[in-house]
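Novice:
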Amino acid sequence: MISPELYAKLEEKYTYERDKRLQHQPEGAKQFVKLNEESFKDLNEDRFINYDAVDANQPLRDGSKTKVLITGGGHGGLLMAVRLIQAGLDPNDIVIVDKAGGFGGTWYWNRYPGLMCDIEGYCYMPLLEETGYVPQHRYSYGYEIREHTERIARQWKIRGQFATETTYQKWDEEKRRWIVSLVQTTRPGETKPLQVEAQFVLLATGVFPIPYLPRLNGFDEMRKNVTVLHTSRWDYELTGGTQKQPDMTKLKGKVVGIVGTGATSLQLVPQLAKWAKHVYVFQRTPSFVSYRGQKETTPEDWAKVANKPGWQYDRMANFNANVSKEEVDVDLVNDGWTHSSTVSGLLGSSRTLVTPDKVGEHLKYMKTMDFEVGERVRQNMERQIDDPETAEKLKPWYYGWCKRPAFHDDYLPSFNMDHVTLVDLDGKGLDKCHSKGVVANGTDYEVDFMVFATGFLHSATSSPALGSGGPIPVLGRGDRTLEENFSAKDFNTFHGIATNGFPNLFFFGPRGTGVSGNLTSSFDIVGRQIAYVIDEGTKKSVDPDQTVLEVTEEAEQAWGDEIVKRAAWWATMKACTPGYFTSHGEGLKDLPPDEALLGARKAGFGGGANAYSLILEGYRKNGGLPGILVQG
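Quick note on numbering: the sequence shown equals residues 1 to 632 in full-length UniProt numbering.
1. Using the Cα positions of S613 and M1, report the straight-line distance between them to the nearest angstrom.
2. Any heavy atom of the ligand GTP closer than 7 Å to the CB of L60?
3. Does the segment 416–435 come within contact of the segment 192–210, defined as at least 3 CB pairs closer than 8 Å?
4. Sort L549, I525, D386 by Cα distance to E536 and report the nearest one.
5. For a test of the three-state rule: what should DSSP assign to Q155, helix, strand or coil?
6. Which residue's Cα is closest to the Cα of Y108: H584, T538, E144, L394?
7. Would you check if there are 3 or more beta carbon pairs closer than 8 Å linking the segment 263–277 to the segment 114–123?
8. Since I believe G76 is in contact with A204 (beta carbons under 8 Å), could you give me their beta-carbon distance rounded to a whole number of angstroms?
9. Which runs of the alpha helix (DSSP H) at least 4 residues long sit entirely within the segment 311–385? Give them in chain order.
10. Quick one: measure Cβ to Cβ for V447 and V255, integer angstroms, because I've assumed they're closer than 8 Å.
11. So what does DSSP say about residue 633, is it helix, strand or coil?
12. Would you identify the three-state DSSP class for I2, choosing helix, strand or coil?
13. What distance in whole Å lies between the Cβ atoms of L84 and A558, which are believed to be in contact at a cut-off of 8 Å?
14. With the cut-off set at 8 Å, would you say G478 and V323 are in Cβ contact?
15. In chain order, which continuous runs of the alpha helix (DSSP H) of length 4 or greater are located wholly inside the segment 385–467?
16. Can you grab the Cα-Cα spacing for the pair W337 / R146, in whole Å?
17. In whole angstroms, what separates the C-alpha of P413 from that of R18?
18. Could you spell out where the alpha helix (DSSP H) holding S521 opens and where it closes?
19. At the level of alpha carbons, what is the spacing between L8 and T15?
20. Check R292 in the structure and name its three-state DSSP category.
21. What do you get for R383, buried or exposed, if any count of 16 or more other CB atoms within 10 angstroms of its CB means buried?
22. First and last residue of the beta strand (DSSP E) that includes E550?
23. With H, G and I counted as helix, E and B as strand and the rest as coil, what does DSSP make of P471?
24. Can you name the start and end residues of the alpha helix (DSSP H) that Q271 belongs to?
25. According to the neighbour-count rule (16 or more other Cβ atoms, all chains shown, within 10 Å of its Cβ), is W302 buried or exposed?
26. With DSSP as the reference, label F32 as helix, strand or coil.
27. Considering Cα atoms alone, identify which of R404, A498, G608 is closest to G527.
28. Closest to T572 by CA distance: which of L588, H339, G467, V564 is it?
29. Quick one: is N92 buried, meaning 16 or more other Cβ sit within 10 Å of its Cβ, or exposed?
30. For C123, which residues of its own chain have a beta-carbon under 6 Å away from its beta-carbon, when the five flanking residues on both sides are left out?
31. With a cut-off of 8 Å on the beta carbons, I'd call G28 and G585 a contact; round off their distance for me.
32. Run through DSSP, which three-state label would A611 get?
33. What residue range is occupied by the uninterrupted alpha helix (DSSP H) comprising T186?
34. Is there contact here, the segment 575–582 with the segment 397–414, by at least three beta-carbon pairs under 8 Å?
35. Quick one: residues in its chain with C-beta nearer than 7 Å to the C-beta of G218, no 5 flanking neighbours on either side, listed in chain order?
36. Tell me, please, whether the segment 45–59 touches the segment 120–139 by the rule of three or more beta-carbon pairs shorter than 8 Å.
Here it is, written out as structure tokens:
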């Protein structure tokens, strides 16, 4: 129980730590620079692509036509494709376009040592029941997840147009087609343009499409002598090892610095500590770190998990209910995520409808629950870390919904090693770089390797048409761009998957959708709905080849009202320390009433992933396509 005195003390401490970080980070998201900028070209290379193999299997040529073009080859794009195929679409009518050299999305690019998913693999790896695949561990490693995406593509004969980026797309009213401009990279520095036509375009570019680095004085000077890596573009030629066997023998005798202490760093630090002479961990804001409980999957485990038809869908829904602290009879996953139900402050919940007059009551309930969780996390750190001063610096002082919670079995014990040093920046960034390393808190740190685990641009700051180079120009009716649409005062979507003025265009939010901590679940909920809409609309058409589907303004206005109705749930975010969920503090600013209302319309569905899913299931069960105009 949290006493009134402790409640007040913790609230004061959280506010102090939040305000300190806001003061240290006045530039918000502008403190970062995108890794795709020309000056970082060598850091952003695709180190894994086989250009000859890719070029030999490209399904598109200049002038090609396809029924469905999906941008994005990760879980979101694959699930959209599979659900369309299951609805009856021929796999030869679908092409997935991705800049990468293969399927996988974020799991294609991220291959750093120790990489695994912090969501249970039995929930996270898509289509396990349909493929019959059994994950090797409870929490699946990155290489296995990537291999599984290739397995899915093989089983459903999904074709990928790789090393290719969408640069422009425009709706052609006369042809009733999207005209899509693409650029294929044939070799490093060599490209060729393509223009293709697609009846339907689906955007599945993911939530974190663009890696970034902090803006640092002296960065170029440091790179002359120090080997620099971003975790999303790991280079085993420099460190030694492979993703499956990350024996980083080239780090022996080397001093390594790593910037960032989020979910990526938690997995990487223990691996660096195995090989490097010394590791400096530069921390601006500590993570909520809890026990993971990694283990190999045994036949006995699997018999309990895959115990009936539909088991994975039910397991995903059970996970969503538990993390949203909704009433449920059993916790099937029973892990750190489902025990940390304060993340419902980030994900939404159907357990209550928060109206403006109940915000104070809502915040008190959430804070009380969170303080109890936070106290347990901090006490566990005291038990696990030998040095009291280090343990104190690793303690998080913010609400558990403000940053993605983190789970690992070996991260905290790493700080008991003599050659691992925590450098706490007390809410600030690094001071600067120099020819031999960095300066932090006024102290020089000379390093041989500098690793940046500094994250990604969050797609909620843009429209769903966000490619690796930034927003993709998508021109709908009247040459209005999708980016303009998502920035406009009349912004709305229908179910978070389509918007008026952009016929035959579908996407994944996260604006207007219910979002789970398990993004695979979110992608599948949306993928099922998009497949239904396209299939049902095509069946209703006299000439399926001329089908045009467009949501009505009335339908998206009504859905926008539903989003606003639940938007008071997100009052939790105003109390947060800066991070990518709040655009590094920019989303914490007080807004005039009209801008605040627009912000509410741009929010996610506050009722949680399961309630959102039930609405879409009800829509499909009732039949027809209310709210969508069918032509053709």
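Note that the Cβ used here is the ideal one computed from N, Cα and C, for glycine as well.
Specialist: For this structure:
1. Position 613 of the sequence shown, counting from 1, holds the residue named residue 613. Position 1 of the sequence shown, counting from 1, holds the residue named residue 1. Each residue's Cα considered, the two are about 34 Å apart.
2. Ligands in the displayed structure: none, and consequently the ligand GTP is not present.
3. no
4. Against the sequence shown, residue 536 aligns to sequence position 536. E536 has its Cα closest to that of L549, out of L549, I525, D386.
5. Counted from its first residue, the sequence shown places residue 155 at position 155. Three-state DSSP puts Q155 in a helix.
6. As a position in the sequence shown, residue 108 is number 108, starting the count at 1. The residue with the shortest Cα to Cα distance from Y108 is E144.
7. yes
8. Position 204 of the sequence shown, counting from 1, holds the residue named residue 204. Position 76 of the sequence shown, counting from 1, holds the residue named residue 76. Confirmed, Cβ separation roughly 4 Å.
9. 311–323, 336–339, 344–347, 359–384
10. For the purposes of this step, residue 447 is taken as the residue at position 447 of the sequence shown. For the purposes of this step, residue 255 is taken as the residue at position 255 of the sequence shown. Confirmed, about 5 Å.
11. In the structure displayed, the chain extends from 1 to 632; residue 633 sits before or after that span and is not available.
12. For the purposes of this step, residue 2 is identified with residue 2 of the sequence shown, where counting begins at 1. If DSSP states are grouped into helix, strand and coil, I2 belongs with coil.
13. Mapped onto the sequence shown, residue 558 falls at position 558. Mapped onto the sequence shown, residue 84 falls at position 84. That belief does not hold up - the Cβ atoms of A558 and L84 are roughly 26 Å apart, past 8 Å.
14. Here residue 478 corresponds to residue number 478 of the sequence shown, with the count starting at 1. Here residue 323 corresponds to residue number 323 of the sequence shown, with the count starting at 1. Result no, Cβ atoms of G478 and V323 do not sit closer than 8 Å.
15. 388–393, 411–414
16. As a working mapping, residue 337 is identified with position 337 in the sequence shown. As a working mapping, residue 146 is identified with position 146 in the sequence shown. Rounded to whole angstroms, W337 to R146 spans 23 Å at the Cα level.
17. One-based indexing of the sequence shown puts residue 413 at position 413. One-based indexing of the sequence shown puts residue 18 at position 18. So the alpha carbons of these two residues sit roughly 27 Å apart.
18. If you number the sequence shown from 1, residue 521 lands on position 521. 519–540 is the span of the alpha helix (DSSP H), which, as asked, contains S521.
19. By 1-based counting over the sequence shown, the position of residue 8 is 8. By 1-based counting over the sequence shown, the position of residue 15 is 15. First, the residue type needs correcting, since residue 8 is Ala and not Leu in the sequence shown. Those two C-alpha atoms are separated by around 11 Å.
20. Reading the sequence shown from its first residue, position 292 is the one you call residue 292. Three-state result, R292: coil.
21. Translated into the one-based positions of the sequence shown, residue 383 becomes position 383. Answer is exposed; the Cβ neighbour count stays below 16.
22. For the purposes of this step, residue 550 is taken as residue 550 along the sequence shown, with counting starting at 1. Counting along the chain, the beta strand (DSSP E) containing E550 begins and ends at 548–551.
23. Indexing the sequence shown from 1 puts residue 471 at position 471. Note: P471 maps to strand in three-state DSSP.
24. For the purposes of this step, residue 271 is taken as the residue at position 271 of the sequence shown. Q271 -> alpha helix (DSSP H) spans 263–275.
25. Numbered from its first residue, the sequence shown carries residue 302 at position 302. Result: exposed.
26. Position 32 of the sequence shown, counted from the first residue, corresponds to residue 32. Note: F32 maps to strand in three-state DSSP.
27. Position 527 of the sequence shown, counted from the start, is the residue given in the question as residue 527. Cα-wise, what sits closest to G527 is A498.
28. Here residue 572 refers to the residue found at position 572 when the sequence shown is read from its first residue. Looking at the Cα atoms, L588 is the closest of the given residues.
29. Taking the first residue of the sequence shown as position 1, residue 92 is located at position 92. Burial call: exposed.
30. By 1-based counting over the sequence shown, the position of residue 123 is 123. Contacts found: R315, M316, F319, N518.
31. Residue mapping note: residue 28 aligns to position 28 of the sequence shown, counting from 1. Residue mapping note: residue 585 aligns to position 585 of the sequence shown, counting from 1. About 5 Å; that satisfies the 8 Å criterion.
32. As a position in the sequence shown, residue 611 is number 611, starting the count at 1. Helix.
33. Along the sequence shown, one-based indexing puts residue 186 at 186. It is not in any alpha helix (DSSP H) - T186 instead sits in the beta strand (DSSP E) that spans 177–187.
34. yes
35. Residue numbering aside, residue 218 sits at position 218 when the sequence shown is read from its first letter. K432, C433, H434.
36. no
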